[in-house]
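Q: If you read the sequence shown in this note's numbering, its first letter stands for residue 11, the second for the next number, and so on. Backbone N, C-alpha and C fix where the C-beta goes; we use that ideal spot for every residue, glycine too. Quick one: this structure, given as structure tokens, is what I'll be asking you about.
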Amino acid sequence: MARPVPATPKILILNGPNLNMLGVREPSVYGRDTLADVEKLCRKTAKNLGLAVDFRQSNHEGELVTWIQEARAKMAGIVINAGAYTHTSVALLDALTLAELPVIEVHLSNIYKREPFRHKSYISPVARAVLCGFGAHGYALALEGLARMVKKS
Ligand code: CA2
């Protein structure tokens, strides 16, 4: 049965392990934006699109799973940069599948230009779209795409 869409649809934006270190190390790979800058960009973009956001980061797989489970009842969609768990986590794939929400997978870097172990994503099969290589702007693009999906449904 279709779930009712709230007046201001709320999007869960999830960030996985080590993304709290953004802007602090490896600017050549991940850019100079900090995670706080990414959050600011997401809030501004979401506001312009008529969306609300819940922006979170965790270094713990189980915490990410719990947040995805909780999203099922109250969110209209999920934007996720699962960090290194992208390449390892069946638990995140299962949680995202069970959430039955539109999911957009985002990566700051172009994972296909990097080491072969980063070419495999466990969560792509459940994502409606995947964005990588746009840096922080990828989050804004993900929100634009999700806004269209949410409004259509
Ligand atoms: O490109 C991305 O967004 C990644 O999801 C980032 C993950 C990486 O494991 C994925 O393969 C691709 C790493 C996040 C760690 O972020 C750092 C930030 C600053 C310094 C070092 C790591």
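(1) Tell me whether Y122 is buried or exposed, calling it buried when 16 or more other Cβ atoms sit within 10 Å of its Cβ.
(2) Quick check: is any heavy atom of the ligand CA2 less than 7 Å from the C-beta of I133?
(3) Hey, quick one: how far does the beta strand (DSSP E) through D64 stretch, first residue to last?
(4) What is the rounded straight-line gap between the Cα of V113 and the Cα of N28?
(5) Is it buried or exposed for L108, if we count other Cβ within 10 angstroms and need 16 for buried?
(6) Report the rounded CA-to-CA distance for C142 versus N120, giving the unit in angstroms.
(7) Assuming L32 and A150 form a contact by the criterion Cβ under 8 Å, report the distance between their Cβ atoms to the nearest whole angstrom.
(8) Quick one: does the C-beta of A94 sit closer than 7 Å to a heavy atom of the ligand CA2?
A: Short version:
(1) If you number the sequence shown from 1, residue 122 lands on position 112. The residue in question, Y122, is exposed, as its Cβ has fewer than 16 Cβ neighbours within 10 Å.
(2) Looking up residue 133 in the sequence shown gives position 123. No, since every heavy atom of the ligand CA2 falls outside the 7 Å radius drawn around the Cβ of I133.
(3) On the sequence shown, residue 64 is found 54 positions in, with the first residue counted as 1. Taken as a continuous stretch (DSSP letters only), the beta strand (DSSP E) holding D64 covers 62 to 67.
(4) Your numbering for residue 113 matches position 103 in the sequence shown. Your numbering for residue 28 matches position 18 in the sequence shown. Cα to Cα, the separation comes out at about 21 Å.
(5) Counting from one through the sequence shown, the residue named residue 108 turns up at place 98. By the 10 Å Cβ count, L108 comes out exposed.
(6) Taking the sequence shown and counting its residues from 1, one reaches residue 142 at position 132. Taking the sequence shown and counting its residues from 1, one reaches residue 120 at position 110. Each residue's alpha carbon lies about 5 Å from the other.
(7) Stepping through the sequence shown from its first residue, residue 32 is reached at position 22. Stepping through the sequence shown from its first residue, residue 150 is reached at position 140. That pair is no contact at about 15 Å.
(8) Locating residue 94 in the sequence shown gives position 84, where the first residue counts as 1. It does: the Cβ of A94 is within 7 Å (strictly closer) of some heavy atom of the ligand CA2.
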